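Before any comments, here is the structure.
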Ligand code: 5GP
Ligand code: ZN
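Numbering (our numbering), first residue to last: 5 to 153.
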């Protein structure tokens, strides 16, 4: 089926997915951990030393489509690696982040978790401008979102 060869999100042929090619070994990567389900590689254009990416070996575009249980296993792996990396690389802090969709900054449409070591004065910027909704506005959003799942 042709459709199965395309990512649902962007109609990008899976054969063009750079992370699928890395997982298949068609493109080299600096792999730091691998099991049956995940491959963890160093980012080729890192924010700094140790910036790593956790990739599921199956092609799944984003958090909206991943099996939540698999997302859980990916984050369990993130937690284990974060502590281990901290020991070896000697950093103290870390951002763990995950972009879904182009507006959110996703550029490779194969789910991945970023492990971003943070060091004093590293100049990395993961911020937004806080807004100041009224209590009523907060309550309106709460009403929309409560008991969704
Ligand atoms: P996104 O912007 O989708 O959240 O993150 C994609 C990440 O993949 C970026 O940090 C980018 O540097 C990284 N990246 C893009 N192409 C390659 C590649 O060919 N190899 C590796 N190891 N990382 C890549
Ligand atoms: Zn892929």
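A virtual CB, placed ideally from N, CA and C, is assigned to each residue, including glycine.
Note that the structure is predicted; figures quoted are calculated from it, not measured.
- Closer than 8 Å: is that where the CB of residue 63 sits relative to any heavy atom of ligand 1? Not so, every heavy atom of ligand 1 lies at least 8 Å from the Cβ.
* **residue 45 Cβ short of 8 Å to ligand 2 heavy atom set** => Not so, every heavy atom of ligand 2 lies at least 8 Å from the Cβ.
Consult DSSP for residue 9 and reduce its assignment to one of helix, strand or coil. Only weak support exists for where residue 9 lies, its pLDDT of 47 falling under 50; the coordinates are left without a value.
**OP:** Verify the contact flag: residue 27, CB atom, against every heavy atom of ligand 2, threshold strictly below 8 Å.
**Re:** Residue 27: yes, Cβ under 8 Å from ligand 2.
**Study point:** Status (buried if at least 16 other CB within 10 Å, exposed otherwise) for residue 82
**Key:** Classification of residue 82: buried, given that the 10 Å Cβ count is 16 or more.
**Message:** Suppose you measure from the CA of residue 105 to the CA of residue 93; what does that come to, to the nearest Å?
**Reply:** One alpha carbon belongs to residue 105, the other to residue 93, and they sit about 31 Å apart.
Exercise. Excluding sequence positions up to five away, which residues of its chain have a Cβ less than 7 Å from the Cβ of residue 103?
Worked result: Only 109 and 110 meet the Cβ criterion.
In whole angstroms, give me the CA-to-CA distance for residue 128 and residue 100.
Between residue 128 and residue 100, the C-alpha separation is close to 13 Å.
TODO: Report the residue from 56, 89, 51 and 115 whose alpha carbon sits nearest the alpha carbon of residue 74.
DONE: Measuring from the Cα of residue 74, the nearest candidate turns out to be 115.
Check your understanding: residue 119: beta carbon under 8 Å from a heavy atom of ligand 1?
Key -> Look at residue 119: its beta carbon is at least 8 Å from all of the heavy atoms in ligand 1.
9 Å Cβ cutoff met for residue 120 and residue 52: Contact annotation: residue 120 and residue 52 have beta-carbon atoms nearer than 9 Å.
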